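What follows is a set of notes on a single structure, which appears directly below.
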Amino acid sequence: MYATMEESASMATARALAERHGTQGIESGQLPVLEEQVCAEAGIWAPDAARRAIAQAGGDVPQAVSLLKVWSAALPHLESVPVQREDVRLVRRLSSAYAEIPGGQWLGYAPELASRMLTWEETDGVEQALPGGGETPAREEATPATGETADDAPSRAQTPRVRTLLRDVPVAATQEDGSGQDPAVSTPVPPYARATRLGVLARGETASLVAFAALVLSRRREAVLSEISTAVAGVRISHPRTGAFCKVAEVPVVEAEAIIDTEVEGRAGFAVGWGASLGTIERRAISLALLDGAMQADAEFNEPLAFDEQTLISATDGSANNGFVEHLRLPHYASFASYVAQAKAGWKGETE
């Protein structure tokens, strides 16, 4: 099969159909959530490039992520400064732990209220996602995907963290914050600092992150979101002439903090996990927060199914895992023949 380039008629037809659909491309804004997912897993915010990668890959998301990673690796890179809280403008903020939270909560665009019924009518997805398909709440003027933020949207610096309401209860200690290692520059090696681990997981495959998060939920008596927010974050770099920090881009980000039960010094307590991801796909940030909280809880309390961070990071590396599985398509003639010979020899030895 590997010695010829000739194809059967059915294979040639299938390939022609795939190529025809691939060249048609995807219209701008047609699949915004898929574009955001590809951007988040590749670790680069470039929706136009993600759209082309999806079309070129024929809708194969892991392949599109790989294409986007390779494309971005060949671009010139400039070092940005850490995002300041003043440059993060919140456009949606919820809490499932407290009804009243410092700074208030607002619905914004509400994907959790979207209809679960398949419709064949050409309608606006935003209108369907709102209660009654009607007017948007006051904070909905912001459009995270485009960076157009309402004038009155508060900054992260103006909005207190909900976790400050956890008073007089034991809370598992967290590692100190830091910049961590950038997986786009070098390959992080264990043991990982918390910032490095969160940075690597933020590029993880969405389905894998959600699956592991579901395992966390299945093991816990209590798990709530203290806060989840969608925001537009300003990115600044140092000006090449003056050295002053100047804003060069705005990207949408989603951030979540989850509270889960654990034991702290032998007493019932909580662990607070945090996660953030490019785009507005909230399940990614929620999953990251749950995983971060679980690893903190497991470090404090020796559970039978404790998460090993190296295994977790490896299991959520979509590009590596897809390549590892798909490499089975390549010839394994020699290794398989050798194994067959060993099996035959062992079986023959037992029967003699």
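Numbering (full-length UniProt numbering), first residue to last: 1 to 352.
The beta-carbon is built from N, C-alpha and C at its ideal position, and this holds for glycine as well.
Remember, it's a predicted structure, so these values are computed and weren't measured experimentally.
Fill in: Within 8 angstroms, strictly: CB atoms of residue 72 and residue 50
no
Worksheet entry | Contact check, residue 258 vs residue 234, beta carbons under 8 angstroms | no
Fill in: Sub-8 angstroms separation of residue 155 and residue 88 beta-carbons
yes
Worksheet item: What are the start and end residues of each continuous alpha helix (DSSP H) run of 4 or more residues lying completely inside the region 147-231, in chain order?
Response: 194-201, 206-218
Discussion item. For residue 157 and residue 103, what's the separation of their Cα atoms in angstroms?
Written reply: 11 angstroms
Discussion item. The beta strand (DSSP E) that contains residue 89, what's its start and end?
Written reply: 88-94
Worksheet item: Relative to the alpha-carbon of residue 46, which residue among 81, 58, 70 has its alpha-carbon at the smallest distance?
Response: 70
Worksheet item: Going straight from the alpha carbon of residue 173 to that of residue 269, what length do you get?
Response: 11 angstroms
Worksheet item: Are the CB atoms of residue 101 and residue 171 nearer to each other than 8 angstroms?
Response: no
Worksheet entry | Residues that residue 267 bridges to, as DSSP identifies them | 264
Discussion item. With distance defined between alpha-carbon atoms, name the residue in 114, 312, 241 nearest to residue 203.
Written reply: 312
Discussion item. To the nearest angstrom, how far is the alpha carbon of residue 339 from that of residue 345?
Written reply: 10 angstroms
Worksheet item: Expressed to the nearest angstrom, what Euclidean distance is found between the alpha-carbon atoms of residue 36 and residue 153?
Response: 22 angstroms
Practice prompt. Give the DSSP-derived three-state secondary structure of residue 115 in the structure shown.
Written response: coil
Worksheet item: Are residue 197 and residue 260 close, meaning C-beta to C-beta below 8 angstroms?
Response: no
Item to complete: State the start and end residues of the unbroken alpha helix (DSSP H) segment that holds residue 317.
Response: First-last for residue 317: undefined, no H or E at that position.
Discussion item. Quick check on residue 241: does DSSP put it in helix, strand or coil?
Written reply: coil
Worksheet entry | Minimum C-alpha distance to residue 286 - residue among 206, 54, 242, 336 | 206
Worksheet entry | Rounded separation between residue 165 and residue 223 - CA only | 16 angstroms
Worksheet item: Would a C-beta distance cut-off of 8 angstroms place residue 289 and residue 253 closer than the cut-off?
Response: no
Discussion item. Suppose you measure from the CA of residue 109 to the CA of residue 281; what does that come to, to the nearest Å?
Written reply: 12 angstroms
Worksheet item: On the three-state DSSP scale, how would you describe residue 21?
Response: Unreliable placement is indicated for residue 21, whose pLDDT of 46 sits below 50; the coordinate value is still reported in the next sentence. Here residue 21 sits in helix by DSSP.
Practice prompt. In the DSSP assignment, find the unbroken alpha helix (DSSP H) run with residue 35 in it and report its ends.
Written response: 32-42
Worksheet item: Using DSSP with H/G/I as helix, E/B as strand and the rest coil, what is residue 47?
Response: helix
Worksheet entry | Closest by C-alpha distance to residue 251, when choosing among 31, 39, 34 | 39
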